[in-house]
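Residues in the sequence shown are numbered consecutively from 947, following our numbering.
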Amino acid sequence: IGGIVSRATHPGAKNGKLNGGPQMVEVSRDGRRVYFTNSLYGAIDPQFYPEGIDGWMVKLDAGAAGGIAFDPKFFIDWPKGHRPHQVRLQGGDCSSDSYCYP
């Protein structure tokens, strides 16, 4: 999905080809959902995408018996000029933050 060259689209994307590529990855605590956003850092994004990044977020579903597939109905198109960076799931499920679970 996305990418510097192919700019692969998503079934839920209304504008066709996507720029940016999966940068930040967050896995749900049960391991059944994987979320991607396409902005790494404001200082680095322009080096790879000098024309700018159109922000988006997608979700993949992981099957209990294996396999992974895009959720065709889950596509969030960020407002122009906004770049999504990190997904923070309910319950503090963010791998880059420190939380204590009882």
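Don't be surprised by glycine CBs; every beta carbon is placed ideally from N, CA and C.
Bridge pairing for G958: absent [DSSP]. Taking a contact as a CB-CB distance under 8 Å, the pair S985 and H956 does not count as one, their CB atoms being some 16 Å apart.
With respect to A1015, G977 sits apart: the two C-beta atoms are not nearer than 8 Å. Residue range 1014 to 1023 is occupied by the beta strand (DSSP E) that includes P1018, with no alpha helix (DSSP H) assigned at that position. In the DSSP assignment, R979 forms a beta bridge with D1007. Annotation for V971: the continuous beta strand (DSSP E) segment containing it runs 970 to 973.
Within the same chain, and ignoring the five residues on either side of Y981 in sequence, the residues whose Cβ sits closer than 6 Å to its Cβ are E972, K1005, V1033. Per the coordinates, the alpha-carbon of G962 lies some 18 Å from the alpha-carbon of G1027.
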